[in-house]
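In what follows, a single structure is set out as C-alpha coordinates and then discussed.
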(Lines of atoms letter the chains of each structure in order from A and count residues from 1; the text may use other names and numbers.)
(Lines give C-alpha, C1' and ligand atoms only; values in the text may rest on other atoms or scores of the structure.)
Protein backbone atom coordinates (compact mmCIF):
# COMPACT_ATOMS: atom_id res chain seq x y z
CA UNK A 1 0.00 0.00 0.00
CA UNK A 2 1.33 3.46 -0.87
CA UNK A 3 1.76 5.82 2.08
CA UNK A 4 2.24 9.54 2.35
CA UNK A 5 3.93 11.54 5.08
CA UNK A 6 3.83 15.16 6.12
CA UNK A 7 7.11 16.91 6.95
CA UNK A 8 7.34 20.29 8.64
CA UNK A 9 9.56 22.98 7.17
CA UNK A 10 11.22 24.49 10.25
CA UNK A 11 13.97 26.95 9.28
CA UNK A 12 15.70 28.51 12.26
CA UNK A 13 14.08 26.21 14.76
CA UNK A 14 10.51 27.40 14.11
CA UNK A 15 7.65 25.50 15.65
CA UNK A 16 5.42 23.20 13.58
CA UNK A 17 2.37 25.29 14.24
CA UNK A 18 3.95 28.37 12.66
CA UNK A 19 4.72 26.91 9.22
CA UNK A 20 2.58 25.18 6.63
CA UNK A 21 3.17 21.44 6.24
CA UNK A 22 4.95 20.11 3.19
CA UNK A 23 3.14 17.08 1.81
CA UNK A 24 5.40 14.34 0.50
CA UNK A 25 3.79 12.61 -2.47
CA UNK A 26 3.23 8.87 -1.95
CA UNK A 27 5.39 6.45 -3.87
CA UNK A 28 3.52 3.53 -5.43
CA UNK A 29 4.62 0.12 -4.29
CA UNK A 30 4.48 -2.86 -6.62
CA UNK A 31 3.66 -6.14 -4.98
CA UNK A 32 5.18 -9.43 -6.09
CA UNK A 33 1.76 -10.71 -7.14
CA UNK A 34 1.18 -7.75 -9.48
CA UNK A 35 4.61 -8.19 -11.04
CA UNK A 36 4.04 -11.90 -11.65
CA UNK A 37 0.59 -11.26 -13.11
CA UNK A 38 1.96 -8.59 -15.46
CA UNK A 39 4.76 -10.89 -16.60
CA UNK A 40 2.33 -13.74 -17.28
CA UNK A 41 0.04 -11.42 -19.27
CA UNK A 42 2.96 -10.17 -21.39
CA UNK A 43 4.12 -13.73 -22.08
CA UNK A 44 0.63 -14.87 -23.11
CA UNK A 45 0.22 -11.84 -25.39
CA UNK A 46 3.62 -12.45 -26.97
CA UNK A 47 2.79 -16.12 -27.59
CA UNK A 48 -0.53 -15.20 -29.25
CA UNK A 49 1.07 -12.54 -31.46
CA UNK A 50 3.91 -14.84 -32.56
CA UNK A 51 1.43 -17.64 -33.22
CA UNK A 52 -0.62 -15.39 -35.50
CA UNK A 53 2.45 -14.06 -37.32
CA UNK A 54 3.94 -17.51 -37.95
CA UNK A 55 0.65 -19.11 -39.00
CA UNK A 56 0.55 -19.14 -42.81
CA UNK A 57 -3.22 -19.70 -42.76
CA UNK A 58 -3.70 -16.04 -41.82
CA UNK A 59 -2.28 -15.15 -45.27
CA UNK A 60 -0.67 -11.89 -44.19
CA UNK A 61 0.53 -11.23 -47.73
CA UNK A 62 -3.11 -11.06 -48.84
CA UNK A 63 -3.92 -8.78 -45.89
CA UNK A 64 -1.17 -6.34 -46.91
CA UNK A 65 -2.28 -6.56 -50.54
CA UNK A 66 -5.84 -5.39 -49.86
CA UNK A 67 -5.27 -3.22 -46.78
CA UNK A 68 -4.94 -0.01 -48.84
CA UNK A 69 -6.82 -1.13 -51.94
CA UNK A 70 -9.19 1.40 -53.51
CA UNK A 71 -12.36 -0.54 -52.74
CA UNK A 72 -11.44 -0.99 -49.06
CA UNK A 73 -10.45 2.67 -48.64
CA UNK A 74 -13.70 3.81 -50.30
CA UNK A 75 -15.60 1.52 -47.97
CA UNK A 76 -13.73 2.97 -44.99
CA UNK A 77 -14.66 6.51 -46.03
CA UNK A 78 -18.31 5.44 -46.33
CA UNK A 79 -18.14 3.95 -42.83
CA UNK A 80 -16.68 7.16 -41.40
CA UNK A 81 -19.24 9.29 -43.25
CA UNK A 82 -22.16 7.21 -41.97
CA UNK A 83 -20.74 7.34 -38.45
CA UNK A 84 -20.36 11.13 -38.52
CA UNK A 85 -23.86 11.72 -39.92
CA UNK A 86 -25.57 9.29 -37.55
CA UNK A 87 -23.75 10.78 -34.53
CA UNK A 88 -24.72 14.30 -35.62
CA UNK A 89 -28.37 13.26 -35.95
CA UNK A 90 -28.28 11.25 -32.75
CA UNK A 91 -26.66 13.94 -30.62
CA UNK A 92 -28.76 16.86 -31.89
CA UNK A 93 -32.06 14.98 -31.82
CA UNK A 94 -31.14 13.20 -28.60
CA UNK A 95 -30.48 16.52 -26.85
CA UNK A 96 -33.91 17.80 -27.90
CA UNK A 97 -35.56 14.59 -26.70
CA UNK A 98 -33.69 14.75 -23.38
CA UNK A 99 -34.89 18.31 -22.78
CA UNK A 100 -38.43 17.23 -23.69
CA UNK A 101 -38.26 14.37 -21.17
CA UNK A 102 -37.21 16.81 -18.46
CA UNK A 103 -39.94 19.28 -19.41
CA UNK A 104 -42.82 20.01 -17.05
CA UNK A 105 -45.19 19.68 -20.00
CA UNK A 106 -46.64 16.14 -19.77
CA UNK A 107 -47.35 15.98 -23.52
CA UNK A 108 -43.69 16.62 -24.39
CA UNK A 109 -42.58 14.16 -21.71
CA UNK A 110 -44.83 11.37 -23.04
CA UNK A 111 -43.77 11.96 -26.66
CA UNK A 112 -40.07 11.86 -25.73
CA UNK A 113 -40.53 8.78 -23.54
CA UNK A 114 -42.39 6.99 -26.35
CA UNK A 115 -39.58 7.81 -28.79
CA UNK A 116 -36.91 6.42 -26.46
CA UNK A 117 -39.03 3.34 -25.72
CA UNK A 118 -39.57 2.55 -29.40
CA UNK A 119 -36.11 3.17 -30.84
CA UNK A 120 -34.28 1.51 -27.96
CA UNK A 121 -36.72 -1.38 -27.92
CA UNK A 122 -36.41 -2.42 -31.57
CA UNK A 123 -33.21 -3.92 -33.06
CA UNK A 124 -31.15 -1.65 -35.27
CA UNK A 125 -31.10 -4.26 -38.02
CA UNK A 126 -34.91 -4.27 -38.14
CA UNK A 127 -34.96 -0.47 -38.36
CA UNK A 128 -32.47 -0.46 -41.24
CA UNK A 129 -34.49 -2.99 -43.21
CA UNK A 130 -37.70 -1.08 -42.47
CA UNK A 131 -36.35 2.22 -43.83
CA UNK A 132 -34.89 0.42 -46.83
CA UNK A 133 -38.34 -1.02 -47.65
CA UNK A 134 -40.38 2.09 -46.82
CA UNK A 135 -41.67 2.21 -50.40
CA UNK A 136 -43.62 -0.98 -49.69
CA UNK A 137 -45.81 1.09 -47.34
CA UNK A 138 -45.73 4.45 -49.11
CA UNK A 139 -45.00 4.43 -52.82
CA UNK A 140 -44.90 8.24 -52.84
CA UNK A 141 -44.00 10.83 -50.20
CA UNK A 142 -46.17 13.93 -50.31
CA UNK A 143 -46.57 17.29 -48.61
CA UNK A 144 -50.27 18.09 -48.70
CA UNK A 145 -52.75 20.67 -47.52
CA UNK A 146 -55.24 18.95 -45.19
CA UNK A 147 -58.24 17.90 -47.30
CA UNK A 148 -56.57 19.66 -50.22
CA UNK A 149 -54.15 19.01 -53.10
CA UNK A 150 -50.58 17.77 -52.85
CA UNK A 151 -48.00 20.53 -52.79
CA UNK A 152 -45.06 18.20 -53.40
CA UNK A 153 -45.12 14.52 -54.29
CA UNK A 154 -42.08 12.39 -55.07
CA UNK A 155 -41.35 8.73 -55.56
CA UNK A 156 -40.23 7.16 -52.27
CA UNK A 157 -37.38 5.22 -53.84
CA UNK A 158 -36.04 8.45 -55.35
CA UNK A 159 -35.77 9.98 -51.86
CA UNK A 160 -35.01 7.01 -49.61
CA UNK A 161 -31.90 5.63 -51.27
CA UNK A 162 -29.97 2.85 -49.49
CA UNK A 163 -27.55 5.44 -48.08
CA UNK A 164 -30.39 7.65 -46.78
CA UNK A 165 -32.09 4.59 -45.30
CA UNK A 166 -28.87 3.67 -43.50
CA UNK A 167 -28.39 7.23 -42.25
CA UNK A 168 -31.95 7.45 -40.92
CA UNK A 169 -31.81 4.03 -39.30
CA UNK A 170 -28.49 4.68 -37.58
CA UNK A 171 -29.26 8.29 -36.62
CA UNK A 172 -32.75 7.77 -35.21
CA UNK A 173 -31.59 4.68 -33.32
CA UNK A 174 -28.62 6.60 -31.87
CA UNK A 175 -30.90 9.45 -30.78
CA UNK A 176 -32.78 7.12 -28.44
CA UNK A 177 -29.56 6.26 -26.60
CA UNK A 178 -28.06 9.74 -26.76
CA UNK A 179 -31.23 11.16 -25.21
CA UNK A 180 -30.67 9.06 -22.09
CA UNK A 181 -26.98 9.98 -22.00
CA UNK A 182 -27.78 13.70 -22.17
CA UNK A 183 -30.63 13.40 -19.67
CA UNK A 184 -28.34 11.61 -17.21
CA UNK A 185 -25.73 14.34 -17.57
CA UNK A 186 -28.27 17.11 -16.96
CA UNK A 187 -29.69 15.34 -13.91
CA UNK A 188 -26.15 14.93 -12.56
CA UNK A 189 -25.63 18.69 -12.23
CA UNK A 190 -25.74 19.91 -8.63
CA UNK A 191 -29.16 21.47 -8.10
CA UNK A 192 -27.79 24.01 -5.63
CA UNK A 193 -25.97 25.71 -8.50
CA UNK A 194 -29.18 25.83 -10.51
CA UNK A 195 -30.94 27.37 -7.53
CA UNK A 196 -28.14 29.91 -7.19
CA UNK A 197 -28.56 30.83 -10.86
CA UNK A 198 -32.29 31.26 -10.26
CA UNK A 199 -31.52 33.55 -7.32
CA UNK A 200 -29.38 35.68 -9.63
CA UNK A 201 -32.39 36.17 -11.88
CA UNK A 202 -31.16 34.13 -14.84
CA UNK A 203 -33.78 33.01 -17.31
CA UNK A 204 -34.31 29.31 -17.92
CA UNK A 205 -32.46 29.40 -21.23
CA UNK A 206 -29.54 31.32 -19.75
CA UNK A 207 -29.32 28.91 -16.83
CA UNK A 208 -29.17 25.99 -19.22
CA UNK A 209 -26.48 27.54 -21.45
CA UNK A 210 -24.22 29.01 -18.77
CA UNK A 211 -24.72 26.77 -15.73
CA UNK A 212 -26.30 23.41 -16.55
CA UNK A 213 -24.87 22.50 -19.96
CA UNK A 214 -21.15 23.22 -19.29
CA UNK A 215 -21.23 21.02 -16.19
CA UNK A 216 -23.45 18.37 -17.75
CA UNK A 217 -21.02 18.10 -20.64
CA UNK A 218 -18.37 16.72 -18.29
CA UNK A 219 -20.74 13.88 -17.40
CA UNK A 220 -22.00 13.40 -20.95
CA UNK A 221 -18.69 13.02 -22.82
CA UNK A 222 -17.58 9.60 -21.44
CA UNK A 223 -20.82 7.69 -22.25
CA UNK A 224 -21.34 9.71 -25.43
CA UNK A 225 -17.83 8.78 -26.56
CA UNK A 226 -18.61 5.12 -25.95
CA UNK A 227 -21.80 5.56 -27.95
CA UNK A 228 -19.85 7.05 -30.88
CA UNK A 229 -17.58 4.01 -30.89
CA UNK A 230 -20.62 1.72 -30.80
CA UNK A 231 -22.12 3.70 -33.66
CA UNK A 232 -18.99 3.11 -35.75
CA UNK A 233 -19.27 -0.63 -35.22
CA UNK A 234 -23.02 -0.57 -35.83
CA UNK A 235 -22.38 0.70 -39.35
CA UNK A 236 -21.28 -2.84 -40.22
CA UNK A 237 -24.99 -3.76 -40.25
CA UNK A 238 -25.61 -1.62 -43.34
CA UNK A 239 -24.06 -4.41 -45.40
CA UNK A 240 -27.48 -6.11 -45.34
CA UNK A 241 -28.90 -3.30 -47.48
CA UNK A 242 -25.89 -3.33 -49.85
CA UNK A 243 -24.16 -0.18 -48.61
CA UNK A 244 -20.47 -0.51 -49.59
CA UNK A 245 -18.98 0.18 -46.17
CA UNK A 246 -15.62 -1.29 -45.19
CA UNK A 247 -17.12 -4.66 -44.23
CA UNK A 248 -19.31 -4.99 -47.32
CA UNK A 249 -16.36 -3.97 -49.52
CA UNK A 250 -14.33 -6.77 -47.94
CA UNK A 251 -17.22 -9.19 -48.49
CA UNK A 252 -17.40 -8.27 -52.17
CA UNK A 253 -13.70 -9.03 -52.57
CA UNK A 254 -13.68 -12.37 -50.76
CA UNK A 255 -16.86 -13.50 -52.52
CA UNK A 256 -14.79 -13.24 -55.69
CA UNK A 257 -11.40 -14.48 -54.44
CA UNK A 258 -12.56 -16.84 -51.63
CA UNK A 259 -9.94 -15.28 -49.33
CA UNK A 260 -12.41 -14.84 -46.49
CA UNK A 261 -10.16 -14.73 -43.42
CA UNK A 262 -7.58 -12.24 -44.79
CA UNK A 263 -10.29 -9.82 -45.92
CA UNK A 264 -12.05 -10.05 -42.55
CA UNK A 265 -8.71 -9.27 -40.90
CA UNK A 266 -8.40 -6.20 -43.14
CA UNK A 267 -11.82 -4.94 -42.03
CA UNK A 268 -11.01 -5.73 -38.39
CA UNK A 269 -7.73 -3.83 -38.50
CA UNK A 270 -9.42 -0.74 -39.94
CA UNK A 271 -12.12 -0.86 -37.26
CA UNK A 272 -9.45 -1.11 -34.56
CA UNK A 273 -7.49 1.82 -36.01
CA UNK A 274 -10.52 4.12 -36.18
CA UNK A 275 -11.76 3.07 -32.73
CA UNK A 276 -8.30 3.80 -31.30
CA UNK A 277 -8.33 7.29 -32.81
CA UNK A 278 -11.83 7.91 -31.43
CA UNK A 279 -10.70 6.74 -27.99
CA UNK A 280 -7.79 9.19 -28.05
CA UNK A 281 -10.16 11.99 -29.07
CA UNK A 282 -12.50 11.04 -26.24
CA UNK A 283 -9.70 11.27 -23.65
CA UNK A 284 -8.58 14.65 -24.98
CA UNK A 285 -12.16 15.97 -24.86
CA UNK A 286 -12.63 14.70 -21.30
CA UNK A 287 -9.46 16.44 -20.11
CA UNK A 288 -10.27 19.74 -21.82
CA UNK A 289 -13.85 19.86 -20.56
CA UNK A 290 -12.75 18.88 -17.05
CA UNK A 291 -10.10 21.62 -17.10
CA UNK A 292 -12.58 24.25 -18.31
CA UNK A 293 -15.08 23.29 -15.61
CA UNK A 294 -12.40 23.64 -12.91
CA UNK A 295 -11.33 27.03 -14.26
CA UNK A 296 -14.92 28.30 -14.33
CA UNK A 297 -15.44 27.04 -10.78
CA UNK A 298 -12.33 28.91 -9.55
CA UNK A 299 -13.28 32.11 -11.38
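In our numbering, the protein residues as written are -3 to 295.
Glycine included, every Cβ here is placed at the ideal spot set by N, Cα and C.
What you are looking at is a predicted structure, and each value in this text was computed from that prediction instead of being measured.
Query, Result
"Closest by CA to residue 159, which one among 61, 241, 279, 51?", "241"
"Do the stretch 213 to 232 and the stretch 161 to 181 make contact, defined as three or more Cβ pairs closer than 8 Å?", "yes"
"Measure how close the beta-carbons of residue 105 and residue 99 come, nearest whole angstrom, since I'm counting them as under 8 Å.", "6 Å"
"Within 10 angstroms of the Cβ of residue 33, are there 16 or more other Cβ atoms? Answer buried if so, exposed if not.", "exposed"
"Could you spell out where the alpha helix (DSSP H) holding residue 76 opens and where it closes?", "66 to 97"
"Since residue 281 and residue 216 should fall inside the 8 Å C-beta cutoff, what is the C-beta to C-beta distance between them, to a whole number of angstroms?", "So it is not a contact: roughly 10 Å between Cβ atoms."
"Any beta carbon from chain C within less than 8 Å of residue 53's own beta carbon?", "This model lacks chain C altogether, as it is built from one protein chain only."
"Do the stretch 188 to 197 and the stretch 139 to 157 make contact, defined as three or more Cβ pairs closer than 8 Å?", "no"
"If I follow the unbroken alpha helix (DSSP H) through residue 205, where does it start and stop?", "Note, residue 205: premise wrong, no alpha helix (DSSP H); not H, not E."
"Just to confirm the assignment, what range does the alpha helix (DSSP H) spanning residue 243 have?", "242 to 253"
"Residue 150 lies in the alpha helix (DSSP H); which residues open and close that run?", "Premise fails: residue 150 lies in the beta strand (DSSP E), 146 to 151, not in any alpha helix (DSSP H)."
"On the premise that residue 262 lies in contact with residue 62, defined as a C-beta separation below 8 Å, what is that separation, rounded to the nearest angstrom?", "5 Å"
"Relative to the alpha-carbon of residue 283, which residue among 214, 206, 235 has its alpha-carbon at the smallest distance?", "214"
"Under 8 Å between the Cβ atoms of residue 163 and residue 78?", "yes"
"For the stretch 112 to 119 against the stretch 199 to 209, do three or more pairs of beta-carbon atoms, one drawn from each stretch, fall closer than 8 Å, so that the two count as touching?", "no"
"So what's residue 257 in DSSP terms, helix, strand or just coil?", "helix"
"What separation, rounded to the nearest whole angstrom, lies between the Cα atoms of residue 57 and residue 80?", "32 Å"
"Tell me the DSSP secondary structure of residue 135 in three-state form.", "coil"
"Going along the chain, which residues of its own chain have a beta-carbon closer than 8 Å to the beta-carbon of residue 333, five neighbours each way excluded?", "Given a span of -3 to 295 for the chain in the structure shown, any question on residue 333 remains unanswerable."
"Of the choices 255, 231, 250, 251, whose alpha-carbon is the least far from that of residue 267?", "231"
"In the DSSP output, what is residue 140 paired with across the bridge?", "146"
"What's the gap between the Cα of residue 128 and the Cα of residue 181?", "34 Å"
"If distances are taken between C-alpha atoms only, which option among 279, 278, 265 comes closest to residue 69?", "265"
"Quick check: the Cα distance between residue 147 and residue 55, rounded to an integer number of angstroms?", "58 Å"
"If you measure between the beta carbons of residue 328 and residue 131, is that distance less than 8 Å?", "Lying outside -3 to 295, the shown extent of the chain, residue 328 is not represented and no answer is given."
"What did DSSP end up calling residue 182 once you bin it into helix, strand or coil?", "helix"
"Distance check for residue 48 and residue 260, CA to CA, integer angstroms please.", "14 Å"
"From this set, 274, 279, 275, 257, which residue's C-alpha is nearest residue 53's C-alpha?", "257"
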